[in-house]
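Visitor: UniProt numbering puts the sequence shown at residues 1 to 360.
The beta-carbon is built from N, C-alpha and C at its ideal position, and this holds for glycine as well.
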Amino acid sequence: MKKKSTRAAAFLLAAVLTVSAAACGNSENAGETTFPAASEGTYTSAQETPEEISTESASSPSSSEGSPETTGPVEQTTGAPEPVPSSAPTLQPTAADGQALGITAQSAVLYSCADGKTLVAKRSDNLVYPASTAKLLTAIIALRYVPLSDAVTVGDELDLVQPHSSLAYLAKGQQLTMDTLLHALLIPSGNDAAYTIAAHTGRVIAGNPALSPSEAVSVFVNTMNQIAAELGMKNSFFTNPDGYDDPKQQTTAEDLALLGAEFVKHPELTAITSLFSYDAVFTSGERITWKNTNALIDASNANYVSECIGLKTGSSAYSGNCLVSAFTHGGQSYIAVVMNSSKAARWSDSILLYQYLIQQ
Numbered sequence: 001m002k003k004k005s006t007r008a009a010a011f012l013l014a015a016v017l018t019v020s021a022a023a024c025g026n027s028e029n030a031g032e033t034t035f036p037a038a039s040e041g042t043y044t045s046a047q048e049t050p051e052e053i054s055t056e057s058a059s060s061p062s063s064s065e066g067s068p069e070t071t072g073p074v075e076q077t078t079g080a081p082e083p084v085p086s087s088a089p090t091l092q093p094t095a096a097d098g099q100a101l102g103i104t105a106q107s108a109v110l111y112s113c114a115d116g117k118t119l120v121a122k123r124s125d126n127l128v129y130p131a132s133t134a135k136l137l138t139a140i141i142a143l144r145y146v147p148l149s150d151a152v153t154v155g156d157e158l159d160l161v162q163p164h165s166s167l168a169y170l171a172k173g174q175q176l177t178m179d180t181l182l183h184a185l186l187i188p189s190g191n192d193a194a195y196t197i198a199a200h201t202g203r204v205i206a207g208n209p210a211l212s213p214s215e216a217v218s219v220f221v222n223t224m225n226q227i228a229a230e231l232g233m234k235n236s237f238f239t240n241p242d243g244y245d246d247p248k249q250q251t252t253a254e255d256l257a258l259l260g261a262e263f264v265k266h267p268e269l270t271a272i273t274s275l276f277s278y279d280a281v282f283t284s285g286e287r288i289t290w291k292n293t294n295a296l297i298d299a300s301n302a303n304y305v306s307e308c309i310g311l312k313t314g315s316s317a318y319s320g321n322c323l324v325s326a327f328t329h330g331g332q333s334y335i336a337v338v339m340n341s342s343k344a345a346r347w348s349d350s351i352l353l354y355q356y357l358i359q360q
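1. Do the region 194 to 207 and the region 140 to 151 make contact, defined as three or more Cβ pairs closer than 8 Å?
2. Which residues mark the beginning and the end of the alpha helix (DSSP H) in which residue 271 is found?
3. To the nearest angstrom, how far is the alpha carbon of residue 250 from that of residue 235?
4. If we ignore side chains and look at the alpha-carbon of each, how far apart do residue 90 and residue 284 end up?
5. Taking only the alpha-carbon atoms, compute the straight-line gap between residue 185 and residue 324 and give it to the nearest angstrom.
6. Let's test the definition: count the other Cβ atoms within 10 Å of the Cβ of residue 277 and tell me whether it reaches 16, buried, or not, exposed.
7. Whole angstroms is fine: what's the gap from residue 233's alpha carbon to residue 239's?
8. Evaluate the contact criterion for the region 109 to 121 versus the region 206 to 217: three or more CB pairs, one atom per stretch, below 8 Å.
9. Secondary structure at residue 98, three-state DSSP: helix, strand or coil?
10. Give me the residue from 349, 315, 358 with the minimum Cα distance to residue 332.
11. Kindly confirm or deny that the region 347 to 356 and the region 303 to 323 touch, where touching means at least three C-beta pairs closer than 8 Å.
12. From the DSSP secondary-structure annotation, give me the bridge partner or partners of residue 311.
13. Pull up the distance between the alpha-carbon of residue 174 and that of residue 322, whole angstroms please.
14. Looking at residue 245: is its Cβ nearer than 8 Å to the Cβ of residue 318?
15. With a threshold of 6 Å on Cβ separation, who are the neighbours of residue 327 within its own chain once the five nearest residues in sequence on each side are excluded?
16. Take residue 329 as the anchor and find which of 287, 110, 193 has the nearest alpha-carbon.
17. Considering only residues of the same chain and omitting the five flanking positions on each side of residue 37, which have a CB-CB separation below 6 Å?
18. Candidates 243, 230, 151, 297: which alpha carbon is nearest residue 258's?
Now the structure itself:
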């Protein structure tokens, strides 16, 4: 009788564990609807709350270009479409287990730029939504095709920016250099800057200044996918220059590690992402101050890491809270990727990866 009772208890315990594991898996794969403390206000189906935008996004001087407080309320969504699982192997199966380290994000990677090794991995080949981390690729392409000193006039491409996007508060007719546009893209995470860059650069790539905004952006997005393939991002596909939620636009943590490794090869870009704030002066005379959405480079924030040189946040209804960050340690560069984390854990997960790095 005692043996039967023990066996029944064992079966009951196994069933409970199975149900618990399934519940955890569903929670991890669902699109996060909470948003980061230092937020970039990415979208409506991907937007931070208005309060977070007002304290963390771009601030404008007395010449008002649009106040963060005027953005609409967050719309409720039914969650992200489930990405199709990737069949590709992780970059390095022998990497340390991110889950064992306490990483709570759906997927994560710690990657060494010097030797191309993955030091930590957690579901690094799972398909995820990139949100604003896609802007790293937008910046790389702009730098490749357009001199930083080139003047760019903001045009009708602003009509392509989705409602309630995070903004750098650009306006049609303003003129600014590509360098200033990249600051607008990477610091306040301006979707308006992403489309302005894409339209201008798309015309340069095509060699046709007469292209319409949508035609030029299409050329740019095609180039995004070409460059992603060149970088070995074999499980990524992009449909827009700002990372706005689209069921077809997907990537993986390991692909984003490769993108981050390419990004840090360009000191012109890391000089921007390492700035917490930037006072911009446009060629057309406007002035505006932008604040970075990355808490790891804010010296006044409890999550500050002195060896972090920034890179890019992301948050949306589909993607949850994300961060691709770069650290310099021992004279080498490392990329930490955290995808579909929670509001606070985006920072703590990244710090766990950094702590693992410095303990090696």
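Guide: With the structure as the only source:
1. yes
2. As a first step, residue 271 must be located in the sequence shown, where it is residue number 271. Note, residue 271: alpha helix (DSSP H), 267 to 273.
3. Along the sequence shown, one-based indexing puts residue 250 at 250. Along the sequence shown, one-based indexing puts residue 235 at 235. Computed Cα separation, rounded: 8 Å.
4. Position 90 of the sequence shown, counted from the start, is the residue given in the question as residue 90. Position 284 of the sequence shown, counted from the start, is the residue given in the question as residue 284. Summary for residue 90: the model assigns pLDDT 41, below 50, so the residue's position carries little reliability; its value from the coordinates is reported in the next sentence. Taking the straight line joining both Cα atoms gives about 48 Å.
5. The residue labelled residue 185 in the question sits at position 185 within the sequence shown. The residue labelled residue 324 in the question sits at position 324 within the sequence shown. Using only the alpha carbons, I get a separation of about 15 Å.
6. Here residue 277 is taken as the residue at index 277 of the sequence shown, counted from 1. Exposed: under 16 other Cβ atoms inside 10 Å.
7. Taking the sequence shown and counting its residues from 1, one reaches residue 233 at position 233. Taking the sequence shown and counting its residues from 1, one reaches residue 239 at position 239. When rounded, the distance between both Cα atoms is 15 Å.
8. no
9. Here the question's residue 98 lines up with position 98 in the sequence shown. Correct three-state label for residue 98: coil.
10. Position 332 of the sequence shown, counted from the first residue, corresponds to residue 332. Among 349, 315, 358, the Cα nearest to that of residue 332 belongs to 358.
11. yes
12. Here residue 311 is taken as the residue at index 311 of the sequence shown, counted from 1. Paired residue(s): 325.
13. Translated into positions along the sequence shown, residue 174 becomes position 174. Translated into positions along the sequence shown, residue 322 becomes position 322. Approximately 31 Å between the Cα atoms of the pair.
14. Numbered from its first residue, the sequence shown carries residue 245 at position 245. Numbered from its first residue, the sequence shown carries residue 318 at position 318. In contact: residue 245 and residue 318 (Cβ atoms closer than 8 Å).
15. The count along the sequence shown starts at 1 and reaches residue 327 at position 327. For residue 327, where only same-chain residues beyond five positions count, the Cβ hits under 6 Å are 307, 308, 334, 354.
16. Here residue 329 refers to the residue found at position 329 when the sequence shown is read from its first residue. Closest by alpha carbon: 110.
17. On the sequence shown, position 37 is the one that residue 37 refers to. The predicted model places residue 37 with a pLDDT of 31, which falls under 50 and marks its position as unreliable, so this point remains unresolved.
18. As a working note, residue 258 is residue 258 in the sequence shown. Measuring from the Cα of residue 258, the nearest candidate turns out to be 230.
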